[in-house]
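Everything below concerns the one structure shown next.
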């Protein structure tokens, strides 16, 4: 018997015990993993149940409705297959409203991001009463949209609004801000007014930009603008992408035109001026004014698909300019 | 001692449950045989659901109802989406708020309203010969509004094409007041509004007058009736704005909007209605009926200078003075507590709340017997009442189509008409476009009703 064999033999009982421990440890590990999985699913179960009941079921119901002429109350509604979708394709009002929503997104999203980022840069500087400025600038974002709508209606009223008061004081003629064609500008102003929301997110992003990079750039003689353009913006690019995607989704779904109309209720949607008659107002109008649940559901499903496509395109076209500062180890 | 769950049933308990079952069964059977209450006292101890706005029944009135009738009221905020959901799920409210002028025919045609004729026939509170003609807005015979069974009742009403004017605005401009009992013409009304309006640098400090009606649907149909025609075809399945009468009505309204003498879709009032502007002394003539007197009376100075004027007429046209709303209550066909609901219906329309409304001056009572309660103490109240009483002689129901809602008419009108108000398209082009979009909606409605 060789020494090796001896040791092997001598070690055998210990090895067997060790193998037993490994197996039991393995079983314990598997049990632990199963327990962890079970805990995970138990924790997420409320959300999943909520998601199924409050999101998937209503969406599926709306999809079903979109194939019908259901109006909520009439006895003779029926299945029309793709009839609503065909009608939608030939409905100029639908396409006009979609165009207005798209234009609103194209104008308001970049403007609000630039405004929010600008404010974030300003209040990120070491100035006196910085906290107060941050609070004041964020304040409009906290105001409920209905309140904002009422404030803007009174501010921009043609005959008694402060805006026209200032204009006429300086010798200009008053403008009918809340009617065509100016109503669209007031709508964009409401978005800019709420830019504090974007400011807060951008501010958080700015504070994540490593200070040493800025210092290195300064030592290398880079100007403030160059530093901002080449260091700050690339490092903020994931934040900006997030704001773009959520901004586009929110802006095509905005119901602010309704809140700016004389009656800030569902009745108000019938008085929305044409320049603010965006896609979502059209949807509301079809649902609640015209009682066309089927057609309005088709409109919503088309919007859902268009948003998916728009989001995909944004990701596709920004893939080369968005930089994720992620620790490679953290990916595992 | 109360037995615990699952314990065998005692003989006494079995007998008492059997007795209760027998009584319940008998009650259910008798309910099947006679679903109409005798009127007073029905449904005591029950709870009914009322879908109304907060102002329609205050918490104090809810308490009062319980005291007066023994019936508890659960108020649900009026919301058309919620109502449809409740109706389709088979669990509707027991009483629902509605605007008689536009809702009655629409819901009745869809057979979701309870025919209240058998209840009215037996009621000692709401007698048919005491009902004001405005309640005919809540009748529908399957084709025409104003005839056939009653499906609801108005809580109070006004002749909404009448208008209030502020004498101080007229005095300032040296413009003669409108005649007290004789109507001015719509054309003259517009001329007066132009003379009264005050503008500077695109801002209006004094509006000459507003004339938007309560709903575009009822405004356009009553204006057309005033021109001597009808907006709808005989079977209410088509609309025609190109008839001479409808064209005249439409042309007048578009002219009113173009002149910008008052609020319109192209010069909206941020308040959503004329009241605050009139109250602020910035509106010379205000197209609101008697009901606005309730608001005016809260300000003595304003009440002193305010006058109510008869509904205008078109030159050569008939004198038509309709109610454009007739807001009230109806009972869904599948209401779970019909007898209790009817008892509250009686109480609401004929007892304490109706009397309080009648004396409040916010509307004309819908029971003729309550008319003496209308406020007539102060000088200004007497003046208003004299004009109003004379105007009642010219009341008529202008029927609306059961194939569309007031909201859908409003939405489609406001979508198309502003182009004509800004002069981009002619009134004739507008008439054609309105015919196109509104007839499409009516066609859909007719298909759905069957």
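Chains as they are written, first to last, in my numbering: chain F, -11 to 320; chain R, 281 to 730. Don't be surprised by glycine CBs; every beta carbon is placed ideally from N, CA and C. Keep in mind that this is a model prediction, so the values were computed, not measured.
- Counting only the Cα atoms, residue 434 of chain R lies some 41 angstroms from residue 704 of chain R.
- Chain order gives no chain R residues near residue 178 of chain F, where near means a beta carbon separation below 9 angstroms; the closest approach is about 14 angstroms.
- At least one CB atom of chain R sits nearer than 8 angstroms to the CB of residue 62 of chain F.
- A straight-line Cα-Cα distance of about 10 angstroms links residue 16 of chain F and residue 23 of chain F.
- Taking C-beta separations shorter than 8 angstroms and ignoring five residues to either side along the sequence, the partners of residue 215 of chain F in its chain run 202, 205, 206, following chain order.
- Non-local beta-carbon contacts of residue 144 of chain F in its own chain, meaning distances under 7 angstroms to residues more than five positions away in sequence, involve 151, 165, 166, 174 in chain order.
- In the assembly as shown, residue 357 of chain R is an exposed residue. Its beta-carbon has fewer than 16 other beta-carbons within 10 Å.
- According to the DSSP assignment, residue 505 of chain R belongs to the alpha helix (DSSP H) that extends over 496 to 506.
- For residue 162 of chain F, the residues of chain R that pass the 7 angstroms Cβ criterion are 481, 482, 483, in the order they occur in the chain.
- Counted as a single uninterrupted DSSP element, the stretch harbouring residue 592 of chain R is not any alpha helix (DSSP H), since DSSP gives it neither H nor E.
- Across the segment 131 to 150 of chain F, CB contacts with chain R closer than 7 angstroms involve 141, 142, 145, 146, 147, in sequence order along the chain.
- The Cβ neighbour count for residue 312 of chain F, taken over all protein chains shown within 10 Å, is under 16; the residue is labelled exposed.
- With respect to residue 701 of chain R, residue 569 of chain R sits apart: the two C-beta atoms are not nearer than 8 angstroms.
- The beta carbons of residue 526 of chain R and residue 490 of chain R sit about 22 angstroms from each other, so the pair does not count as a contact at 8 angstroms.
- Inside the segment 532 to 576 of chain R, DSSP marks whole alpha helix (DSSP H) runs of 4 or more residues at positions 555 to 559, 573 to 576, from first to last along the chain.
- Contacts with chain R at 8 angstroms (Cβ-Cβ) do not include residue 55 of chain F.
- Between residue 367 of chain R and residue 331 of chain R, the C-beta gap is not smaller than 8 angstroms, which leaves the two residues out of contact.
- Residue range 425 to 430 is occupied by the beta strand (DSSP E) that includes residue 427 of chain R.
- Counting only the Cα atoms, residue 648 of chain R lies some 15 angstroms from residue 439 of chain R.
- DSSP places residue 611 of chain R in the coil class of the three-state scheme, outside both helix and strand.
- Here the alpha carbons of residue 458 of chain R and residue 49 of chain F stand approximately 58 angstroms from one another.
- DSSP places residue 64 of chain F in the coil class of the three-state scheme, outside both helix and strand.
- The beta carbons of residue 288 of chain F and residue 271 of chain F sit about 6 angstroms from each other, so the pair counts as a contact at 8 angstroms.
- Residue burial annotation: residue 522 of chain R is exposed, with fewer than 16 other C-beta atoms found within 10 angstroms of its C-beta.
- Here residue 334 of chain R is exposed. Its C-beta has fewer than 16 other C-beta atoms within 10 Å.
- Cβ contact annotation for residue 89 of chain F (same chain, cutoff 6 angstroms, sequence separation greater than five): 240, 266, 267, in chain order.
- For residue 276 of chain F, the neighbours in chain R by C-beta distance under 8 angstroms run, in chain order, 360, 361, 687.
- Straight-line spacing of the CA atoms in residue 370 of chain R and residue 389 of chain R works out to 18 angstroms.
- Out of R:706, R:722, R:688, the CA that lies nearest to the CA of residue 360 of chain R is found in R:688.
- Exclusion of the five residues before and after residue 208 of chain F leaves no residue of its chain whose Cβ lies closer than 7 angstroms to its Cβ.
- Taken atom to atom, the span from the alpha-carbon of residue 262 of chain F to that of residue 132 of chain F is near 25 angstroms.
- Annotation for residue 194 of chain F: 108, 112 place their beta carbon closer than 6 angstroms to its own, counting only its chain and skipping 5 residues before and after.
- Taken in chain order, the members of the segment 523 to 549 of chain R whose beta-carbon sits within less than 7 angstroms of a beta-carbon on chain F are 545, 546, 547, 548, 549.
- Close to residue 152 of chain F, with beta-carbon spacing below 9 angstroms, are these residues of chain R in chain order: 481, 482, 483.
- Judged by DSSP in its simplified three-state form, residue 267 of chain F adopts helix.
- Secondary structure in the segment 319 to 402 of chain R: the beta strand (DSSP E) runs of 3 residues or longer, each lying completely within the stretch, are 327 to 332, 352 to 357, 375 to 379 in chain order.
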